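These notes are about the structure you will find just below.
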């Protein structure tokens, strides 16, 4: 794994958890699609983006672990 | 026939199925402690995903989370911590899995005792983990007992319900060990998800036929419950401090809950961790989204504000606002969530009592030999004993579900988090540091939970972990770690991960040695 990729991964997680734990509590809360408040939408569906990023990163990481049987 | 009778019969059939499933493999699991406690380290990725996820989703998730959201708003969802448990499971779990393969670890105590080269520390950790597993298991059974009473309209009394629940869960583990628990968890995961979707679809189509969720939210704007859909919520609980405190309690520390910790050792290969990195957060989203929608939208819109017994909103919605079939499958869903957590925790308590206390202190330290069958027998005896203790506790039926679990068990399990993380990633972490940190963390958690209000709006757990971590670091900096520990737990594992060194066959040799004892 290159150092740049690892640093970007760490930065993504810092930003992601900051938004999910802290920023979401002070964001405006308009209704999306007539029923979904923005804060709830972020809490519910932002983790899908995290899952994609984590999946990509760890897929690359475990490609470096082929020697581990 | 009355619906309550049909539901009671359904519960009976389900209970018999669980016990039968456990005892199917009684004979084969009696042969080896490795098979009983770790399913021969052979769980495939899908089963590991289901058993890990649903073991975290307890009865608290199905009953407590909608009730918590109804009371304090959507911020309660921070108890999933942005699905951080998945990230932790891969980052921490892969190293623990390598250690398990290299040195034959089975339980959290195996690892902590060896990494911190202290039998006393191992004994202390196993004692307090076992001690605090019991209330958490009891909470699952209390929730099941309450729900059975509500769903059967009082036809099955509380005491009978919790007694049957406790005995069924215990017999299931006694019969089949980790293998049975994991496969039953997989069944429960599918059952739980299916039930949640059915419940939501029914309630939405029945009560909001003209606009679905939009209609429900409109009703919330009129009936004064709209604050539930925002942070910090109607009572101001979930500002950023509340969110972090809740995430720490419900998510960040889950990787060191004994039953989740043990699951890092039972993966069949590294591929499990590769797939867990994306599948685990997605499974959380899939299961938790319906739970949140029940607590945040459907319950407030249907029940209105100020519902007297918020702990029972799911039971009330499924029994009084839905037909008996929905009530029955909702009850099964609660069983799925409650039983999966209870059986996993009880198995981990049994593993620690038999492997870390009985085998290690009665045999290994005295240079005696014991056979693997004896360890399994002892583990099963411990399960029987825990079953009796749990029965007594659930009969006393303490306070509110959420408070009970969160205040007692979770903060105490979390006190091994710093020792686990620093033990994996910091060479300087020493025995003295780990002992000082863990003991002081426990003391702070006790004091701030029961005697003094935690300062500055953070929870007792946050302060306990801060003190625990600080003392671990400071004391470790003043003490020394033996070179062989650094070589075994850091140089060796780093060489496997970063330099392409292969796992040795120490695993097989170690496991064989343990099994032959």
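Chains as they are written, first to last, in my numbering: chain D, 33 to 101; chain R, 6 to 522. Where a beta carbon is used, it is the ideal one built from N, C-alpha and C, also for glycine. Being a predicted model, the structure only gives us computed values, none of them experimental.
CB contact below 8 Å: residue i versus chain B
i                      : result
residue 236 of chain R : As a matter of chain content, chain B is missing from the structure shown, whose protein chains are D and R.
Host alpha helix (DSSP H) of residue i (start-end)
i                      : result
residue 93 of chain R  : 89-108
residue 426 of chain R : 422-430
residue 51 of chain D  : 35-53
residue 437 of chain R : 436-455
residue 220 of chain R : 218-228
residue 32 of chain R  : 31-35
residue 499 of chain R : 497-504
residue 76 of chain R  : 70-77
residue 236 of chain R : Residue 236 of chain R -> no alpha helix (DSSP H), and no H or E assigned at all.
Opposing strand residues paired with residue i [DSSP bridges]
i                      : result
residue 272 of chain R : R:48
residue 68 of chain D  : D:64
Length of the line joining the Cα atoms of residue i and residue j
i                      : j                      : result
residue 235 of chain R : residue 99 of chain R  : 37 Å
residue 40 of chain D  : residue 385 of chain R : 48 Å
residue 281 of chain R : residue 203 of chain R : 26 Å
residue 49 of chain R  : residue 348 of chain R : 19 Å
residue 143 of chain R : residue 58 of chain R  : 20 Å
residue 446 of chain R : residue 428 of chain R : 16 Å
residue 52 of chain D  : residue 38 of chain D  : 21 Å
residue 314 of chain R : residue 68 of chain R  : 12 Å
residue 106 of chain R : residue 335 of chain R : 40 Å
residue 499 of chain R : residue 72 of chain D  : 41 Å
residue 199 of chain R : residue 192 of chain R : 11 Å
residue 377 of chain R : residue 487 of chain R : 31 Å
residue 166 of chain R : residue 397 of chain R : 13 Å
residue 249 of chain R : residue 55 of chain R  : 26 Å
residue 169 of chain R : residue 66 of chain R  : 22 Å
residue 288 of chain R : residue 174 of chain R : 24 Å
residue 462 of chain R : residue 274 of chain R : 43 Å
residue 433 of chain R : residue 480 of chain R : 10 Å
residue 45 of chain R  : residue 12 of chain R  : 37 Å
residue 176 of chain R : residue 358 of chain R : 18 Å
residue 272 of chain R : residue 346 of chain R : 18 Å
residue 507 of chain R : residue 100 of chain D : 6 Å
residue 88 of chain D  : residue 158 of chain R : 50 Å
residue 97 of chain D  : residue 114 of chain R : 27 Å
residue 277 of chain R : residue 8 of chain R   : 43 Å
Contact under 8 Å by Cβ, residue i with residue j
i                      : j                      : result
residue 439 of chain R : residue 470 of chain R : no
residue 260 of chain R : residue 94 of chain R  : yes
residue 232 of chain R : residue 72 of chain R  : no
residue 108 of chain R : residue 119 of chain R : yes
residue 67 of chain D  : residue 81 of chain R  : no
residue 181 of chain R : residue 309 of chain R : no
residue 247 of chain R : residue 85 of chain R  : no
residue 178 of chain R : residue 351 of chain R : yes
residue 78 of chain R  : residue 270 of chain R : no
residue 148 of chain R : residue 296 of chain R : no
residue 82 of chain D  : residue 88 of chain R  : yes
residue 171 of chain R : residue 399 of chain R : yes
residue 332 of chain R : residue 156 of chain R : yes
residue 356 of chain R : residue 34 of chain R  : no
residue 360 of chain R : residue 387 of chain R : no
residue 523 of chain R : residue 224 of chain R : The structure shown does not extend to residue 523 of chain R, since chain R is modelled only from 6 to 522, so the question has no answer here.
residue 307 of chain R : residue 208 of chain R : yes
residue 57 of chain D  : residue 245 of chain R : yes
residue 285 of chain R : residue 91 of chain R  : yes
residue 141 of chain R : residue 414 of chain R : yes
Enumerate, from N- to C-terminal direction, the unbroken alpha helix (DSSP H) stretches of 4 or more residues contained entirely within the stretch 107-174 of chain R.
Segments of the alpha helix (DSSP H) lying fully in the stretch 107-174 of chain R: 113-120, 124-156.
Going residue by residue through the stretch 355-406 of chain R, where are the continuous beta strand (DSSP E) segments of at least 3 residues, counting only ones entirely within it?
none
Go through the stretch 245-270 of chain R residue by residue and report every complete run of the alpha helix (DSSP H) that reaches 4 residues or more, in order.
245-255, 263-268
Which complete alpha helix (DSSP H) runs does the stretch 304-328 of chain R hold, if anything under 4 residues is left out?
Listed in chain order, they are 304-308, 318-325.
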